[in-house]
Amino acid sequence: MWAPSRALLSAHSGYHNLAWGDIQNTLTTDEINAGDAKTPNGVQNNDHPKVYVSWSKHANFDTRNTAWNDPASQSLEDAFRSQDWWYFVDPQYYIRADDSTDAGKAIGAANWGDASSNPPSVQAGVCSAS
Numbered sequence: 001m002w003a004p005s006r007a008l009l010s011a012h013s014g015y016h017n018l019a020w021g022d023i024q025n026t027l028t029t030d031e032i033n034a035g036d037a038k039t040p041n042g043v044q045n046n047d048h049p050k051v052y053v054s055w056s057k058h059a060n061f062d063t064r065n066t067a068w069n070d071p072a073s074q075s076l077e078d079a080f081r082s083q084d085w086w087y088f089v090d091p092q093y094y095i096r097a098d099d100s101t102d103a104g105k106a107i108g109a110a111n112w113g114d115a116s117s118n119p120p121s122v123q124a125g126v127c128s129a130s
């Protein structure tokens with residue numbers, strides 16, 4: 001049976017590359033379908049990782065951190081991230097946006113400015129990411 005081995009979480013100009021068994025909090029599909037992704041915490045090796053998005057720079061982490069909410073910390077590993085809200089996107093709302101689709105071509109044509117990890121660059125480099 002297939003099982004994930006790693007999670008690549010978008011971070012400041014790169015990724016947090018985590019072994020699946022090292023992700024601090026995971027949930028089963030049944031827990032998500034029941035509508036409560038805040039608990040349990042500390043359970044590893046389930047179907048879905050809990051991902052905490054930092055409030056300012058939007059880096060992704062597998063841990064919460066509510067101690068640092070000053071602007072300077074938001075570009076560091078200390079970025080503020082909580083579990084005040086959660087959302088699990090139902091697959092019917094996914095938008096396939098790789099560069100072979102109209103959505104992906106539109107996204108790829110956008111001016112991403114200085115962003116180092118826009119959707120086209122992620123697709124191009126995710127298999128070689130570390």
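Residue numbers (UniProt numbering): 1 to 130. Glycine is no exception: its CB is placed at the ideal position from the N, C-alpha and C atoms.
**Asked** What are the residues that DSSP puts in a beta bridge with N60?
**Response** Beta-bridge pairing links N60 to V53.
**Request:** Closer than 7 Å by C-beta to residue 134: which residues in its own chain qualify, once you throw out the five before and the five after it? Chain order, please.
**Result:** No answer is possible for residue 134: the residues shown for the chain start at 1 and end at 130.
**Prompt:** Span of the beta strand (DSSP E) holding G14?
**Reply:** Element bounds for G14: 14-19.
**Prompt:** Looking at C-beta atoms only, is the number of pairs between the stretch 29-43 and the stretch 71-79 that lie closer than 8 Å three or more?
**Reply:** Judged by Cβ distances under 8 Å, the stretch 29-43 makes no contact with the stretch 71-79, as fewer than three pairs qualify.
**Prompt:** Applying the criterion that 16 or more other CB atoms from any shown protein chain within 10 Å of the CB defines a buried residue, is N25 buried or exposed?
**Reply:** Counting the other Cβ atoms within 10 Å of the Cβ of N25 gives 16 or more, which makes it buried.
**Asked** Based on Cα-Cα distance, which residue from W20, D30, S5 lies nearest to residue 157?
**Response** Nothing can be reported for residue 157, as the shown portion of the chain is limited to 1 through 130.
**Message:** Below 8 Å on the Cβ atoms is my contact criterion, and I expect N60 with A11 to pass it. Report the Cβ-Cβ distance as a whole number of Å.
**Reply:** Between A11 and N60 the Cβ distance is about 7 Å, and since that is below 8 Å, they are a contact.
**Item:** When A67, G113, Y94 are compared against S54, the one with the closest alpha-carbon
**Value:** Looking at the Cα atoms, A67 is the closest of the given residues.
**Message:** Going by DSSP in three states, T26 sits in which element: helix, strand or coil?
**Reply:** The answer is strand: DSSP assigns T26 an E or B state.
**Request:** Quick one: using the 10 Å Cβ neighbour count with 16 as the cut-off for buried, is R96 buried or exposed?
**Result:** R96 should be labelled exposed.
**Residue environment, Y94, which counts as buried when at least 16 other CB atoms sit within 10 Å** = Here Y94 is exposed: its Cβ has fewer than 16 other Cβ atoms, across all protein chains shown, within 10 Å.
**Request:** Look at the alpha carbon of D70 and the alpha carbon of R81, and state the distance between them as a whole number of angstroms.
**Result:** Taking the Cα positions, D70 is about 12 Å away from R81.
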